[in-house]
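Heads up, the thing below is written out as structure tokens.
Number of protein chains: 2
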Amino acid sequence: MARYQAGIRTEARIIEATRELLGEVGLDGTTLKAICERAQVRAGSFYNLFESKDDAVLRVVKDAIRAVDPHPRQDAPDSLSELVEAYISFVTGQPEVAKVYLKIAMSGATNGSLGNTVIRHHKRRVARFSSAIANEHAELTAEEVTERAEIILATLSGLAFMWMLEPGFDFPGRARLAASSSLVSG
Amino acid sequence: MARYQAGIRTEARIIEATRELLGEVGLDGTTLKAICERAQVRAGSFYNLFESKDDAVLRVVKDAIRAVDPHPRQDAPDSLSELVEAYISFVTGQPEVAKVYLKIAMSGATNGSLGNTVIRHHKRRVARFSSAIANEHAELTAEEVTERAEIILATLSGLAFMWMLEPGFDFPGRARLAASSSLVSG
DNA sequence: ACCGATTTTGAGTATACACTCTATTTTGAG
DNA sequence: CTCAAAATAGAGTGTATACTCAAAATCGGT
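First to last, the sequence lines map onto chains G and X. The working numbering puts the first residue of the first sequence at 1, with every later residue one more than the last. The working numbering puts the first residue of the second sequence at 1001, with every later residue one more than the last.
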């Protein structure tokens, strides 16, 4: 762990390089060599500050996951449209970080600690969407609420994925339309 | 190219091993060594029959892509519910092949010829879903039709992805519910 | 300015990968 | 049965990967 100023700056450079690479070339392209070259650091320095390559990647991913969700308000419970808007502005406002999250979720969701982190976060999101829906639609059963939460989240992820493939894709428009049509059909 | 019976059988074993591995451990885990071990073949034999590892993988993926879509009927145009049901039965009926498709689409969609194949197929699917929707909802503009097609496809992919992560996930139920609620909100 | 702790270097290790090459065995048409 | 073509084995190549280590440079509290 970094204790001197030099080490702290180097650590930040490495994290930033890792974040950029994950967004630009994905998990596979984010090699140790690539990270070190971009951060202007030799391998030995990297391992003086990080336990492993996954250590650096995991830090970036955990930051990204934190950024997906808005801070819960203290005065009132979440509203569904707020959660959807937060997801939209996360994806469009920080496209690089969003790509990190999506790429990890999609390419690495079945292997290792990275995958577990993503899966745990996904379950937390389903719960949060569910409670927002339950608040707004008291007539729905718990099962129906979960159904709708899962469908909305699936749609959002699927749309974000399309947007990843085709940069010109109108992700915000599609996401809002999908969320609203899913709401009216209560 | 295989010309003798022995070669033809070996080729089939290699394809089958590749298909199984893609479904079980994804693209990254599908190494040449793993393919050769499972197919009970040495590396030299593999390269006598295939140009490259990607050659074998691409054949499997192309098979999977062909299996995603139902054969168009000659007497009538597609109906949306038919297309949705076909996707559901593809995913649930051939889960291993479906996993191949999803994993390739999600992990390899941004690199190389594999990705191009997947993207081309995706656009074809949007077009087919669009024409089905247009047939059933003459009141919608072309833009609205495309919107709906993209949303339904995104939802289906997202739900299939959830089902990949959690085998107990009720994919057919969620997919039907999502498709129907998307239809009523015309 | 000193000096132990921290940081940096850069060559080096071990491993896994896709792929090649040559010798040998097997196949099947004539 | 013959024999050229096809199939196979298995050691070997080159490259990329993550990671290590000992020595040198730098930092910063005293």
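The beta carbon of each residue, even a glycine, is placed where N, CA and C say it ideally should be. Note that the coordinates shown come from a computational prediction; the quantities given were computed from them, not determined experimentally.
(1) Taking 8 Å as the threshold (C-beta atoms), are R1148/X and S1181/X in contact?
(2) What residue from I1104/X, P1167/X and E1024/X has the CA that sits closest to H1121/X's CA?
(3) Could you tell me whether any Cβ in chain X is nearer than 8 Å to the Cβ of F50/G?
(4) Thinking C-alpha only, which one of T1146/X, Q1040/X and G1093/X is nearest R1009/X?
(5) Just the chain X side, please: which residues come within less than 7 Å of I119/G by C-beta, in chain order?
(6) With a cut-off of 8 Å, does the C-beta of E1150/X fall near any C-beta of chain G?
(7) Considering Cα atoms alone, identify which of E85/G, S89/G, L102/G and K33/G is closest to V60/G.
(8) The alpha helix (DSSP H) that contains Y1087/X, what's its start and end?
(9) Looking at C-alpha atoms only, which residue of F90/G, K99/G and D78/G is the closest neighbour of V126/G?
(10) If you measure between the beta carbons of G168/G and E96/G, is that distance less than 8 Å?
(11) Under 7 Å between beta-carbons, which chain X residues line up against E147/G? List them in chain order, please.
(12) Which residue marks the beginning of the alpha helix (DSSP H) containing M1162/X, and which one marks its end?
(13) Are the CB atoms of E11/G and L49/G within a distance shorter than 8 Å?
(14) Please state whether DSSP places G1168/X in a helix, a strand or coil.
(15) For S81/G, would you say it is in contact with chain X, using Cβ-to-Cβ distances shorter than 8 Å as the test?
(16) Among residues of its own chain, excluding the 5 on either side of T30/G, which ones have a beta-carbon nearer than 6 Å to its beta-carbon?
(17) Is it right to say A179/G is buried, meaning 16 or more other beta carbons lie within 10 angstroms of its own, or is it exposed?
(18) Tell me which same chain residues have a C-beta within less than 7 Å of the C-beta of S1045/X, skipping the five on either side of it?
(19) Roughly how many angstroms lie between the CA atoms of Q5/G and I15/G, to the nearest whole one?
(20) Just to check my reading of the structure: T18/G and A67/G have Cβ atoms closer than 8 Å, yes? What is that Cβ distance to the nearest angstrom?
(21) Less than 8 Å between the C-beta atoms of V119/G and T1155/X, yes or no?
(22) Along chain X, in chain order, which residues have C-beta atoms closer than 7 Å to that of S182/G?
(23) May I have the straight-line CA-CA distance separating A138/G from S1081/X, to the nearest angstrom?
(24) Smallest Cα separation from C1036/X: which of D1028/X, R1013/X and G1007/X?
(25) Which of the three DSSP states is assigned to D1069/X in this structure?
(26) In this structure, how does DSSP classify A43/G when only helix, strand and coil are distinguished?
(27) Rounded to a whole number of angstroms, what is the C-alpha to C-alpha distance between F1090/X and L1083/X?
(28) Taking the beta carbon of G173/G as the centre, do at least 16 other beta carbons fall within 10 Å, making it buried, or is it exposed?
(29) Exposed or buried, S1113/X, counting other C-beta atoms within 10 Å across all chains shown (16 or more means buried)?
(30) Tell me whether S180/G sits in a helix, a strand or coil according to DSSP, three-state version.
(31) In whole angstroms, give me the CA-to-CA distance for K1123/X and E51/G.
Taking the coordinates as given:
(1) Stepping through the second sequence from its first residue, residue 1181/X is reached at position 181. Stepping through the second sequence from its first residue, residue 1148/X is reached at position 148. In this structure, R1148/X does not lie closer than 8 Å to S1181/X by Cβ.
(2) If you number the second sequence from 1, residue 1121/X lands on position 121. Minimum Cα distance to H1121/X is reached at I1104/X.
(3) One-based indexing of the first sequence puts residue 50/G at position 50. Output row for F50/G: interface = no.
(4) For the purposes of this step, residue 1009/X is taken as the residue at position 9 of the second sequence. The shortest Cα separation from R1009/X among T1146/X, Q1040/X and G1093/X belongs to Q1040/X.
(5) Here residue 119/G corresponds to residue number 119 of the first sequence, with the count starting at 1. Going along chain X in sequence order, the residues near I119/G (Cβ under 7 Å) are L1165.
(6) Numbered from 1 along the second sequence, position 150 holds the residue referred to as residue 1150/X. Closer than 8 Å: yes.
(7) Residue 60/G sits at position 60 when you count from the first residue of the first sequence. It is L102/G whose Cα lies nearest to the Cα of V60/G.
(8) Translated into positions along the second sequence, residue 1087/X becomes position 87. Segment L1080 to G1093, the alpha helix (DSSP H) holding Y1087/X.
(9) As a first step, residue 126/G must be located in the first sequence, where it is residue number 126. The residue with the shortest Cα to Cα distance from V126/G is D78/G.
(10) Translated into the one-based positions of the first sequence, residue 168/G becomes position 168. Translated into the one-based positions of the first sequence, residue 96/G becomes position 96. Contact: no.
(11) The sequence position of residue 147/G within the first sequence is 147, counting from 1. What E147/G touches in chain X: R1174 and L1177.
(12) For the purposes of this step, residue 1162/X is taken as the residue at position 162 of the second sequence. Element bounds for M1162/X: A1142 to L1165.
(13) The sequence position of residue 49/G within the first sequence is 49, counting from 1. The sequence position of residue 11/G within the first sequence is 11, counting from 1. In this structure, E11/G lies closer than 8 Å to L49/G by Cβ.
(14) On the second sequence, residue 1168/X is found 168 positions in, with the first residue counted as 1. Here G1168/X sits in coil by DSSP.
(15) Here residue 81/G refers to the residue found at position 81 of the first sequence. Answer no: the Cβ-Cβ gap between S81/G and chain X never drops below 8 Å.
(16) On the first sequence, residue 30/G is found 30 positions in, with the first residue counted as 1. Here the set comprises L21 and L22.
(17) Mapped onto the first sequence, residue 179/G falls at position 179. Under this definition A179/G is a buried residue.
(18) Here residue 1045/X refers to the residue found at position 45 of the second sequence. Closer than 7 Å at the Cβ level, and outside the excluded window around S1045/X, lie T1010.
(19) For this step, residue 5/G is matched to residue 5 along the first sequence. For this step, residue 15/G is matched to residue 15 along the first sequence. Each residue's Cα considered, the two are about 16 Å apart.
(20) Against the first sequence, residue 18/G aligns to sequence position 18. Against the first sequence, residue 67/G aligns to sequence position 67. Actually they are not in contact, since the Cβ atoms of T18/G and A67/G sit about 15 Å apart, beyond 8 Å.
(21) The sequence position of residue 119/G within the first sequence is 119, counting from 1. The sequence position of residue 1155/X within the second sequence is 155, counting from 1. First, the residue type needs correcting, since residue 119/G is Ile and not Val in the sequence shown. Not in contact: I119/G and T1155/X (Cβ atoms no closer than 8 Å).
(22) On the first sequence, residue 182/G is found 182 positions in, with the first residue counted as 1. Chain X residues near S182/G: S1181.
(23) On the first sequence, position 138 is the one that residue 138/G refers to. On the second sequence, position 81 is the one that residue 1081/X refers to. Approximately 30 Å between the Cα atoms of the pair.
(24) Locating residue 1036/X in the second sequence gives position 36, counting from the first residue. When only C-alpha atoms are compared, the closest one is R1013/X.
(25) Start at 1 with the first residue of the second sequence, and residue 1069/X comes out as number 69. Coil.
(26) Position 43 of the first sequence, counted from the start, is the residue given in the question as residue 43/G. Looking at A43/G - three-state DSSP - the assignment turns out to be helix.
(27) As a working mapping, residue 1090/X is identified with position 90 in the second sequence. As a working mapping, residue 1083/X is identified with position 83 in the second sequence. F1090/X and L1083/X: Cα-Cα distance of roughly 10 Å.
(28) In the first sequence, residue 173/G corresponds to position 173, counting from 1. It counts as exposed.
(29) Locating residue 1113/X in the second sequence gives position 113, where the first residue counts as 1. Classification for S1113/X: exposed.
(30) In the first sequence, residue 180/G corresponds to position 180, counting from 1. S180/G falls in the helix class under three-state DSSP.
(31) On the second sequence, residue 1123/X is found 123 positions in, with the first residue counted as 1. On the first sequence, residue 51/G is found 51 positions in, with the first residue counted as 1. About 43 Å.
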